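Undergrad: Using this note's numbering, the first residue of the sequence shown is number 55, and each one after it goes up by one.
Cβ atoms here follow ideal geometry from the backbone N, Cα and C, with glycine treated the same way.
Fair warning: this is a prediction, and the values are worked out from it, not measured in the lab.
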Amino acid sequence: MGEDSIELRDFDDCPIHSTIVLGQETTIAGRLRPDPSGRTTEFTPASGFEGPYFALPDGANLYVRQATFLRAPVVSTITAGWLDFEYVTIDGGGSYNLHTVSAIDVSDAQSLLIDRCVIKNWRGESAVTARSVQEVTVKKSSFISNLAVGGGALHLINSSLEVRDSRFERNSAFFGGGAIFIDSAEYATLYRNTFLENSVTYQLYGGGAIFAYAVERINSEVNKFVRNDSDGMGGAMLLTRVPEHLLINLDSYIDNHSTNCGGALALLEAAEVEIVSRSAGGFSGNSASCGGALYLEESVVEVSGRSVAETGLGEMIFWHNTADSKGGAINAVDSYLRVSSGGFGGNIASDGDGGAISLLRGAAYLPGNSFEYNQAEGKGGAIFAADVSSLEIDHSRFLNNSLVVPVWQSQGAALYVQSPDTMNTELRLYHNNFLQSHSGANQVLLRGAELFGEFVDNIVFRQGNGQVEPGLICDGAQPNLEVDFINHHRSMVEGCGPLLNSSNENPLLLEQGPLTYHAVYADSPVLGAGSDGRNI
55 MGEDSIELRD FDDCPIHSTI VLGQETTIAG RLRPDPSGRT TEFTPASGFE
105 GPYFALPDGA NLYVRQATFL RAPVVSTITA GWLDFEYVTI DGGGSYNLHT
155 VSAIDVSDAQ SLLIDRCVIK NWRGESAVTA RSVQEVTVKK SSFISNLAVG
205 GGALHLINSS LEVRDSRFER NSAFFGGGAI FIDSAEYATL YRNTFLENSV
255 TYQLYGGGAI FAYAVERINS EVNKFVRNDS DGMGGAMLLT RVPEHLLINL
305 DSYIDNHSTN CGGALALLEA AEVEIVSRSA GGFSGNSASC GGALYLEESV
355 VEVSGRSVAE TGLGEMIFWH NTADSKGGAI NAVDSYLRVS SGGFGGNIAS
405 DGDGGAISLL RGAAYLPGNS FEYNQAEGKG GAIFAADVSS LEIDHSRFLN
455 NSLVVPVWQS QGAALYVQSP DTMNTELRLY HNNFLQSHSG ANQVLLRGAE
505 LFGEFVDNIV FRQGNGQVEP GLICDGAQPN LEVDFINHHR SMVEGCGPLL
555 NSSNENPLLL EQGPLTYHAV YADSPVLGAG SDGRNI
């Protein structure tokens, strides 16, 4: 070792009374103890010593390996070159020790590496703080039971981050990022990590595991988020203002919770989001006030699953997620949402609308999806859409979706679309099957004076269950559906014939007041209408 190297055996079992000032480039090499415990050399603070153990001159480099540091901060820098920690354990001592600085506190550095380290029981400030560090890299490390104001394990400002093959467990923060808080960075990369039971305890920000703000590019791949919790948005992650690309690829989100919106993920002002999911991962058992799995606001999001060869429909990627109000699986506000080859099964909006998906304003394109056994208390057992500029659904299947309300009050057991008088909604439905619901309620309810679009090659199953309900209802004080809205003879109410009469005139299934009836022409095959144009 060079002249700026230190053998930790020189300090073995000797309490440290004051900060050790290091040189410009220092290697601190510990060793495994020869006793059967196999513990590394330990640093312990003398009574009254609050650390840090080491101080670096400006621009210095530091390499630490095979060492254990107890209860006091390891290093605090103002400016530095690079700092590497390998096989290092830092134990903050738990609730009996509240720290005013981080265990590792680095500013204005080229890089910080944490490799095969364990950092645990740090209280008061984040376990690791990095300000204006060009690259922060974490590999094969564990962060356990750390507590801070923001980012229980890692707090980064103007610092890019890469985390691989690491574990974050039971970390907690008051305001944001139970495990990781990152504010303003060029990129953040997360690969094959586990985030377990991390939490945020106040509503100011959110992100039970991760909070990220103004990070230009984020890649999150093959990570597991399990039982993370947030009193703010995003039970697992709250990501806001991502101006470039956000990739979420084959992550798993299981049993995460938010008392606000987004049981697994909350995405705000994200310009280009790509979520790739499979049934082996996906979103399962997440819960929130709105958006049981996913909450979107002012974002552009594409979700893609994988088609099942036998059916051509997507395999299930949103399972048994729950929202108190809107969107059992997804709640999208002022956003563009595309979901292709996805499956939604058993999602619930327990006291609101959209058992699987709720859309408010914005637009959506939903090809090749399967919606099965989703439920809402209010409107739209599978999908609820209000005030959207456009909604297109094609080659999808709706099976046994339902509403909690009595059948005579039902409003779209599969699909509910509402357009206000102040705007137009373009609705296009192609090659879909709207199959039976448990309640026997109407499957599709379209409401509003300004709906227009196309309804092509769809089959709507009409099931009576004591109370007979039509499969498709168009309801408005002055319905203004364009002539081509129901424009194809292959669109049928199952068992009732095609929706067009022989003259290709456009029948409207209307609901006015307490009586549901069909406004059709006498020669229309729809339900075998009588001469008065009514048939219930």
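Report the start-end ranges of each beta strand (DSSP E) in the segment 171-195 that is 3 residues or longer and not cut off at the edges.
TA: Qualifying beta strand (DSSP E) stretches, in chain order: 172-174, 182-185 and 189-193.
Undergrad: What are the partner residues of S101, as DSSP defines its beta bridges?
TA: Its beta-bridge partners do not exist; DSSP assigns none.
Undergrad: Alpha carbon to alpha carbon, what distance is there between R119 and S379?
TA: Rounded to the nearest angstrom, the two C-alpha atoms are 51 Å apart.
Undergrad: Relative to the alpha-carbon of G422, which residue among G206, A181, P106 and V362 has its alpha-carbon at the smallest distance?
TA: When only C-alpha atoms are compared, the closest one is V362.
Undergrad: Tell me the residue span of the beta strand (DSSP E) that contains D138.
TA: Looking at the DSSP string, the run of the beta strand (DSSP E) that includes D138 is A134 to D145.
Undergrad: Put G148 into one of helix, strand or coil per three-state DSSP.
TA: Three-state DSSP puts G148 in a helix.
Undergrad: Can you say whether V593 is buried or exposed, counting buried as having 16 or more other CB atoms within 10 angstroms of its CB?
TA: The question about residue 593 has no answer, for the chain in this structure spans 55 to 590.
Undergrad: Considering only the alpha carbon of each residue, which of S353, G399, N273 and V387 lies closest to G339?
TA: Among S353, G399, N273 and V387, the Cα nearest to that of G339 is on G399.
Undergrad: Would a C-beta distance cut-off of 9 Å place I437 and N486 closer than the cut-off?
TA: No; because the gap between Cβ atoms is not below 9 Å, this pair is not in contact.
Undergrad: Check each candidate in P99, D169 and G105 and name the one with the smallest Cα separation from Y117.
TA: Comparing Cα positions, the closest option is D169.
Undergrad: How many angstroms separate the CA atom of S412 from the CA atom of G335?
TA: If I take the Cα positions, the gap works out to 22 Å.
Undergrad: Which one or two residues does DSSP pair with E223 in a beta bridge?
TA: According to DSSP, which records beta bridges pairwise, E223 is partnered with I198 and L250.
Undergrad: Pull up the distance between the alpha-carbon of G147 and that of S101, whole angstroms please.
TA: Answer to the nearest angstrom: the Cα atoms are 14 Å apart.
Undergrad: For N401, tell me which candidate among G409, S395 and S394 has the shortest Cα-Cα distance.
TA: Comparing Cα positions, the closest option is G409.
Undergrad: Would you report the Cα separation of N560 and S424, rounded to the nearest angstrom?
TA: With a pLDDT of 36 at N560, under the threshold of 50, the modelled position of that residue is not reliable, and no figure is offered here.
Undergrad: Distance, Cα to Cα, Q521 vs R482?
TA: Here the model assigns Q521 a pLDDT of 38, short of 50, so the residue's position is not dependable, and the following value carries that caveat. Approximately 29 Å between the Cα atoms of the pair.
Undergrad: Could you check what DSSP says for V327 in three-state terms: helix, strand or coil?
TA: V327 falls in the strand class under three-state DSSP.
Undergrad: DSSP three-state call for E240: helix, strand or coil?
TA: Here E240 sits in strand by DSSP.
Undergrad: Alpha carbon to alpha carbon, how far is H299 from E356? Give it in angstroms, no decimals.
TA: Each residue's alpha carbon lies about 12 Å from the other.
Undergrad: Report the rounded CA-to-CA distance for D283 versus G316, giving the unit in angstroms.
TA: If you take the alpha carbons of D283 and G316, they lie about 11 Å apart.
Undergrad: Should D112 go down as buried or exposed, given a rule of 16 or more other Cβ atoms within 10 Å for buried?
TA: D112 should be labelled exposed.
Undergrad: Does the distance from the C-beta atom of S161 to that of A184 stay below 9 Å?
TA: Yes, they are a contact pair.
Undergrad: Can you round the beta-carbon distance between H374 and A342 to whole angstroms, since I take them to be within the 8 Å contact cut?
TA: That belief does not hold up - the Cβ atoms of H374 and A342 are roughly 13 Å apart, past 8 Å.
Undergrad: Within this structure, are the beta carbons of A109 and I74 separated by less than 9 Å?
TA: Contact flag set, yes.
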